[in-house]
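Chemist:
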Amino acid sequence: MLNEYRFFDPDPAVRRIAYELYAGVKDLPIISPHGHVDPKLLADNMPFPDPAELIIIPDHYIYRMLYSQGIRLEALGIPTRDGSPVETDHRKIWQIFAEHFYLFAGTPTGAWLAHEFVEVFGVTEKLNSANALQIYDRIQKKLAAPEFLPRALFERFNIEALSTTDAAGDSLIQHKKIREAGWKGRVIPCFRPDAVVNLEDEKWRDSLQELAQAVGFEINSYRSFIAALEDRREFFKALGATATDHAVVIPYTHELSQHDAEAIFQRARQNKTSDDDAAQFTAHMLMEMARMSVEDGLVMQIHPGSFRNHNEFIFKKFGRDKGGDIPLQTEYTRNLHALLNRYGNDPRLTLIVFTLDESTYSRELAPLAGHYPAMKLGPPWWFHDSIEGMTRFRERVTETAGIYNTAGFNDDTRAFLSIPARHDLSRRIESNYLARLVARHIIDMEDARRMSRALAYELVKKAYKLG
Amino acid sequence: MLNEYRFFDPDPAVRRIAYELYAGVKDLPIISPHGHVDPKLLADNMPFPDPAELIIIPDHYIYRMLYSQGIRLEALGIPTRDGSPVETDHRKIWQIFAEHFYLFAGTPTGAWLAHEFVEVFGVTEKLNSANALQIYDRIQKKLAAPEFLPRALFERFNIEALSTTDAAGDSLIQHKKIREAGWKGRVIPCFRPDAVVNLEDEKWRDSLQELAQAVGFEINSYRSFIAALEDRREFFKALGATATDHAVVIPYTHELSQHDAEAIFQRARQNKTSDDDAAQFTAHMLMEMARMSVEDGLVMQIHPGSFRNHNEFIFKKFGRDKGGDIPLQTEYTRNLHALLNRYGNDPRLTLIVFTLDESTYSRELAPLAGHYPAMKLGPPWWFHDSIEGMTRFRERVTETAGIYNTAGFNDDTRAFLSIPARHDLSRRIESNYLARLVARHIIDMEDARRMSRALAYELVKKAYKLG
Amino acid sequence: MLNEYRFFDPDPAVRRIAYELYAGVKDLPIISPHGHVDPKLLADNMPFPDPAELIIIPDHYIYRMLYSQGIRLEALGIPTRDGSPVETDHRKIWQIFAEHFYLFAGTPTGAWLAHEFVEVFGVTEKLNSANALQIYDRIQKKLAAPEFLPRALFERFNIEALSTTDAAGDSLIQHKKIREAGWKGRVIPCFRPDAVVNLEDEKWRDSLQELAQAVGFEINSYRSFIAALEDRREFFKALGATATDHAVVIPYTHELSQHDAEAIFQRARQNKTSDDDAAQFTAHMLMEMARMSVEDGLVMQIHPGSFRNHNEFIFKKFGRDKGGDIPLQTEYTRNLHALLNRYGNDPRLTLIVFTLDESTYSRELAPLAGHYPAMKLGPPWWFHDSIEGMTRFRERVTETAGIYNTAGFNDDTRAFLSIPARHDLSRRIESNYLARLVARHIIDMEDARRMSRALAYELVKKAYKLG
């Protein structure tokens, strides 16, 4: 059972205020402007196959914890790159998950799962070794019902808009299918050109080829590369996109001359890229993306500081996004200097910056967002999308940047079912944060109600131009 | 209206103790050993012109937030360097401020302004679009009265000592005027030679010229440069100074040979300074300043880690200190090694170190201050001079360094009216911090009362030798 | 007097739950798998000489604070390297300590001392200038009694296992004596080969010579060096060791070829080590230590990031471990990459990583430990072994790594008497942390009781293979 006061401070004064604020926002529609749900899910609208396929296999938040405690990914049915066999009995996978469910106590994954079980499936018992298969069967049965089809859940979850994340060369065929289906759900793409911008990506030339096919012209120069990106941004916009997204290791920004950009591009085509080339090109392309955003109005997101595929054994065997990405210390003040000086005073740009390095909240990010008109702070990301993580974010950012230089909440999830759980948790934590301000007489209830609505709904809608 | 329990924890036990501790210190005199009030204010003792001129135009804490939300500085009457026109109707400026007053909810600026309105002007309504001009007029009227003259406010604020911050070549004419006026207020200068120490400052040679004029001899060698600084320190001391202050990007300390210092100095005179020259010279001058402090007893402050004028557009148009300075990651353990090894064991030195990088509190600064007799920690600075910021400081520093290796509170303000608000907030937060220790039986009330008085008054007086 | 609810949150709901959880674990045996108690103490089992010798002189937590406030170490009886005289009247030393006892208010040292005075000696008054010598005499009298002999205290403290820390070439003669005494106390060594691994250690060749004597063969090659280390690990295991420990400045890991390792080793023998040699060799030896741990099953600990002997004046006069070590910013994601890729997926390795840089908890360490099966996080270390420090650790680590990827508690102390105080404080803070989760309905009491027992006893026993 879910306690109605869960996640609020135990102090009665704070709890009462938090509950009142939460009651005012809990039923607002969900806006999900950044995430990794596969659009095929909503294009096909087919029943989810089974609980393991739905909850465990796509969610690296879950299996990274199991892996850390010595459970092999093969035993959890995670598909291998070379097709070598993995567990196919999904009831066995579920049983392992249930036996180790206690590992998630005190983690956001534990909180989200509890919400999914109770609110989506009506399962109120705590999962354990003994009840594992009985709960599996109950969920399995529900998944067959029409009200558990993806679109039905989308509507039940009260999602006003959902953005996926898509490669520059993606055909967006699933997005077209959703539009052509006559279904009213707003599902939009987001332009993420990392694979063609990162010259060190092993598949760079393949991705460039895909991009060329998508635009229908040859990309044999930096100039045509830029033209192709501009072309694709228009195409994404036509299918509803309002934003772009850029993952970089270091958020270094620096403008190259056209001549230097062209020279690096040509070296890359000839497979002669140096490390410095790649770093300079990424830094330059962030500048170019900001320029394009000023021109075409797409909101620009930067997600820096993840050492991708840190565990090479897991990467080689299972591929990307398998729980082996690890954050790095990240610097913003010097790195974003060029971009913010060139475009940060321009009211046409919205730049939303994320971090995995919490030490930058009060030191760099809040001071930057509290000054440059173009810059907004993204919500606590990934490992920090949690009860304590969200609380630290607000406590460290608000005093310098206020709440109006932040961009509301993102769920950033691959786990479709966890969307309402994540937004509910966010709304509870923001309510509790504001309640603590009210209880200490830092703000009054009039302020708190206005801020509460902004944090739950208005800021994200405005920042991502989803009005 | 200001709640008398504001900023205290809502827990009744903590609140009761916090209030009791606060009651014991709230009326102690204010010591303000570091700040940026213009001494001319107290030398001339003329009425403040109007609310916008008093509250908005000199305070970058206020207009950086407005700027971040898209309001141009011209519209706020911030003077341009080239004299190009800005808004001169101060009622219009005030109206914009009032319309955006909600942005400050949850920020220390919001808390300080509330205190100023209520305690200084008796304005108890929350400023908004509708009441803006009526409140403007009420404040305007008060400003004309003799009890709102700067010296009258200084006395009403119960300021025991106020230090300004002054360039090495400053004539200190305003300080002389204050002394000659026969007024009993203690207003003292602080020696801040950054402009002549930083070889990369575009006006370095101008500043050096001013210094030469001030001392009355030519500065054509490193040797005469040092003699000039020593001369000026004596002059500042004669006008009451007890401290020096040094802003550096990186707090690197390193002693050069006389020969190398001279060579760098001569290259600088010939406008041939390299980046490395400037870094080495700054590092060396920190060593020299510590040496002089050992000799003349002036307390040495270091304020490192600010990337000044990050927003070049704002800097070019409006000049320094316009809200465009951004903190940098800062390292102390290696950087202060040379200085602390040379002078850190010397009881004649007091070195007060500040930071904009909170990650150094528990990692570097508390361990250093909890060991070296010469070193004390300055209070949470600038962006961290806030409710959560002060709480984090005490929670991260005290367990390693105790409270007696910290230097009490600084308001560090340009906004004269905010001085009592800032000290009151500090006293409330320190009281609350101590109350939480008492309520958890970590200290008893006898400890807490002694520590409370130290934090509010005694530590700062001792650290800055203002007894 | 010690309040029974001390260190718990004042909120009545949290306090009630915390107390209930604490009651369930407070009497569990103490496991102390990492510390610096001198084994001679338990081998000889002689009475402690006097209160100053017992409490002040061996404890740099205590005298670093006194030193920071201007008290010379000579006055505290800290022995000098050159034998120059120091205070020998221990009653005078105690008097100085008592006069400055107020400095420890709000520090963990203060909390531990209060526990020692009350629980070990029955002294319930707060130490001060007036009662100093009377308390000295009461403690002195007790120390003469048989129930205050080291082994009697070991039993009274309910210590199940205690590990010392020992150099690679140590004869472990004290450990043998303890074993041969027929006493049932479990006291084990821990293999710490820093002195022979760190090529920059001024005594490296002496330490290598000691190692050669210990193994009984000449060490004239990298190959024989490795053989000697393997030999010693077996010897340590035979005397009960279950772990090794490695202090490095930077936790950089990198595997050299045998050829390169041999070349560096030979340069070191000829006193021709470069800085880069030393860094590469340390990085390589961490790889080798992990390989040996995989083979022989010894748990591997890394304690990085301390700038040892920062205060050279203190180091030269008084030697190592005198309170002059200062933490450094530390990077783990890139530095541990080689080691974790080579051995981090191997279930035979247990790697326990510590930090003095709290900014790495949520950014690097929790993500690494929440993924790699071999890696566990050591408890908050040294300056962070405190009420706020432990709380920050759990709040920043648990949401990503859970509690089962952490290694319980270490006291890491030289101060034998403080062992129960430190474990009691840890058990209280962990109970309080869990109580806050329960009170916010993040976990339930069933979870909390299981987690509480794990944190107090089971995790440390399992991680250090002390079952």
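Residue numbers (the working numbering), protein chains in the order written: chain F, 136 to 602; chain Z, 136 to 602; chain S, 136 to 602. Cβ atoms here follow ideal geometry from the backbone N, Cα and C, with glycine treated the same way. From a predicted model like this one, the values you see are computed outputs, not experimental measurements.
Nearest chain S C-beta to Q401/F closer than 8 Å, yes or no?
Modeler: The residue you call residue 401/F lines up with position 266 of the first sequence. It does not; no Cβ of chain S falls within 8 Å.
Chemist: Do I270/F and E260/F have their beta-carbon atoms positioned less than 8 Å apart in this structure?
Modeler: Locating residue 260/F in the first sequence gives position 125, where the first residue counts as 1. Locating residue 270/F in the first sequence gives position 135, where the first residue counts as 1. Going by C-beta atoms, E260/F is nearer than 8 Å to I270/F.
Chemist: Only counting the same chain, and skipping five residues up and downstream in sequence, which positions put a Cβ closer than 6 Å to that of H310/S?
Modeler: Walking along the third sequence from the start, residue 310/S turns up at place 175. Excluding residues within five positions, the ones whose Cβ falls inside 6 Å are P174, P324 and L374.
Chemist: Taking contact to mean 3 or more Cβ pairs, one atom from each stretch, closer than 8 Å, check whether the region 542–559 of chain Z and the region 579–587 of chain Z are in contact.
Modeler: Cβ pair count under 8 Å is below three, so no.
Chemist: Any beta carbon from chain S within less than 8 Å of F142/F's own beta carbon?
Modeler: The residue you call residue 142/F lines up with position 7 of the first sequence. Judged by the 8 Å Cβ criterion, F142/F is in contact with chain S.
Chemist: On the CB-based measure, 16 or more other CB atoms within 10 Å of its CB, does T223/Z come out buried or exposed?
Modeler: To locate residue 223/Z, count along the second sequence from 1; it is residue 88. Under this definition T223/Z is an exposed residue.
Chemist: With 7 Å as the limit, tell me which residues of the region 448–468 of chain S have their beta carbon closer than that to any beta carbon of chain Z; keep them in chain order.
Modeler: Residues passing the 7 Å Cβ filter: F448, G458, G459, I461, P462, L463 and Q464.
Chemist: Taking the C-alpha atoms as reference points, what is the distance between Q393/S and N355/S?
Modeler: Reading the third sequence from its first residue, position 258 is the one you call residue 393/S. Reading the third sequence from its first residue, position 220 is the one you call residue 355/S. Cα to Cα, Q393/S sits roughly 15 Å from N355/S.
Chemist: Please tell me whether I399/Z and Q415/Z are closer than 8 Å, where the distance is taken between their beta carbons.
Modeler: In the second sequence, residue 399/Z corresponds to position 264, counting from 1. In the second sequence, residue 415/Z corresponds to position 280, counting from 1. Cβ distance < 8 Å, so I399/Z and Q415/Z count as in contact.
Chemist: Note down, in chain order, all residues in the region 501–532 of chain S with a beta-carbon under 9 Å from any beta-carbon belonging to chain F.
Modeler: Answer set for the region 501–532 of chain S: A501, P502, L503, A504, G505, H506, Y507, P508, M510, R529, E530 and R531.
Chemist: Could you pull out every unbroken alpha helix (DSSP H) segment of at least 4 residues lying fully inside the region 348–405 of chain S, listed in chain order?
Modeler: With a minimum length of 4 residues, the continuous alpha helix (DSSP H) runs that stay inside the region 348–405 of chain S are 357–373 and 393–404.
Chemist: Could you say which of K338/Z, T417/Z and M435/Z lies nearest to A376/Z if we only look at CA atoms?
Modeler: As a position in the second sequence, residue 376/Z is number 241, starting the count at 1. The residue with the shortest Cα to Cα distance from A376/Z is M435/Z.
Chemist: Helix, strand or coil: which one does DSSP assign to F489/S?
Modeler: By one-based count along the third sequence, residue 489/S stands at place 354. Coil at F489/S, not helix or strand.
Chemist: For L594/F, which residues of its own chain have a beta-carbon under 8 Å away from its beta-carbon, when the five flanking residues on both sides are left out?
Modeler: As a first step, residue 594/F must be located in the first sequence, where it is residue number 459. Same-chain partners within the cutoff: I538, Y539, T541, A542 and G543.
Chemist: Which first and last residues belong to the alpha helix (DSSP H) in which Q230/Z is found?
Modeler: As a working note, residue 230/Z is residue 95 in the second sequence. Run containing Q230/Z: H225 to E234, per the alpha helix (DSSP H) assignment.
Chemist: Taking the continuous beta strand (DSSP E) assigned at E295/S, which residues delimit it?
Modeler: On the third sequence, residue 295/S is found 160 positions in, with the first residue counted as 1. Segment I294 to S298, the beta strand (DSSP E) holding E295/S.
Chemist: Please report the straight-line C-alpha distance between R207/S and E390/Z, rounded to a whole angstrom.
Modeler: For this step, residue 207/S is matched to residue 72 along the third sequence. For this step, residue 390/Z is matched to residue 255 along the second sequence. So the alpha carbons of these two residues sit roughly 26 Å apart.
Chemist: So which residues of chain Z does D146/S contact, with C-beta pairs closer than 7 Å?
Modeler: As a first step, residue 146/S must be located in the third sequence, where it is residue number 11. Correct list: D146.
Chemist: Counting contacts by CB-CB distance shorter than 8 Å, is L572/S in contact with chain F?
Modeler: Residue 572/S sits at position 437 when you count from the first residue of the third sequence. Closer than 8 Å: yes.
Chemist: Taking beta-carbon pairs under 9 Å, can you tell me which members of the region 580–592 of chain F lie near chain Z?
Modeler: Residues E581, D582, A583, R585 and M586.
Chemist: Let me know if F183/Z comes out buried or exposed under the rule of 16 or more other beta-carbons within 10 Å of its beta-carbon.
Modeler: The residue you call residue 183/Z lines up with position 48 of the second sequence. So F183/Z counts as buried.
Chemist: If you run the structure through DSSP and keep just helix, strand and coil, what is Q415/S?
Modeler: As a working note, residue 415/S is residue 280 in the third sequence. Of the three classes helix, strand and coil, the one that applies to Q415/S here is helix, per DSSP.
Chemist: Can you tell me whether V322/F is helix, strand or coil according to DSSP?
Modeler: Translated into positions along the first sequence, residue 322/F becomes position 187. Three-state result, V322/F: strand.
Chemist: Rounded C-beta distance between H577/S and M525/S? I'm assuming under 8 Å.
Modeler: Residue mapping note: residue 577/S aligns to position 442 of the third sequence, counting from 1. Residue mapping note: residue 525/S aligns to position 390 of the third sequence, counting from 1. As written in the sequence, residue 577/S is Ile, which differs from the His given in the question. Not quite, the Cβ-Cβ distance comes to about 18 Å (not below 8 Å), so this is no contact.
Chemist: Taking the Cβ atom as the reference point for each residue, do A509/Z and D481/Z lie within a distance shorter than 8 Å?
Modeler: Sequence index remark: in the second sequence, residue 509/Z carries index 374 (1-based). Sequence index remark: in the second sequence, residue 481/Z carries index 346 (1-based). Contact: yes.
Chemist: So R199/Z contacts chain F; which residues on that side make the cut at Cβ distance below 8 Å?
Modeler: Along the second sequence, read from residue 1 onward, the residue named residue 199/Z stands at position 64. In chain order: G505 and H506.
Chemist: Would you say G241/Z faces chain F, with C-beta separation under 8 Å as the test?
Modeler: Here residue 241/Z is taken as the residue at index 106 of the second sequence, counted from 1. Chain F, which has a Cβ nearer than 8 Å to the Cβ of G241/Z, makes this yes.
Chemist: Leaving aside the five residues before and after D492/F along the sequence, list all residues of the same chain whose C-beta is less than 7 Å from its C-beta, in chain order.
Modeler: If you number the first sequence from 1, residue 492/F lands on position 357. For D492/F, where only same-chain residues beyond five positions count, the Cβ hits under 7 Å are G440, P462, Q464 and T465.
Chemist: Answer with buried or exposed for Q401/Z, where buried requires no fewer than 16 other C-beta atoms within 10 angstroms of its C-beta.
Modeler: Residue 401/Z sits at position 266 when you count from the first residue of the second sequence. Exposed is the call here.
Chemist: Please give the ranges of any beta strand (DSSP E) in the region 253–307 of chain F, keeping only runs that are unbroken, at least 3 residues long and fully inside the region.
Modeler: Qualifying beta strand (DSSP E) stretches, in chain order: 294–298.
Chemist: Grab the span of the beta strand (DSSP E) containing L512/Z for me, first residue to last.
Modeler: Position 377 of the second sequence holds residue 512/Z. Taken as a continuous stretch (DSSP letters only), the beta strand (DSSP E) holding L512/Z covers M510 to L512.
Chemist: Shorter than 8 Å from the beta carbon of E493/F to some beta carbon of chain S?
Modeler: Your numbering for residue 493/F matches position 358 in the first sequence. Yes, because at least one Cβ of chain S sits closer than 8 Å to the Cβ of E493/F.
Chemist: Starting from R562/F, follow its DSSP beta bridges and name the residues at the other end.
Modeler: On the first sequence, residue 562/F is found 427 positions in, with the first residue counted as 1. R562/F pairs with nothing; no bridge assigned.
Chemist: So with CB distances below 8 Å, who are the chain F contacts of Y618/Z?
Modeler: Outside the shown range of chain Z (136 to 602) lies residue 618/Z, about which nothing can therefore be said.
Chemist: Since R358/F and F326/F are thought to touch, with beta carbons under 8 Å apart, how far apart are those beta carbons, to the nearest angstrom?
Modeler: For the purposes of this step, residue 358/F is taken as the residue at position 223 of the first sequence. For the purposes of this step, residue 326/F is taken as the residue at position 191 of the first sequence. The pair is not a contact, with the Cβ atoms about 20 Å apart (cut-off 8 Å).
Chemist: For A396/Z and A413/S, I'd like the C-alpha separation in whole angstroms.
Modeler: Position 261 of the second sequence holds residue 396/Z. Position 278 of the third sequence holds residue 413/S. For A396/Z and A413/S, the distance between alpha carbons rounds to 32 Å.
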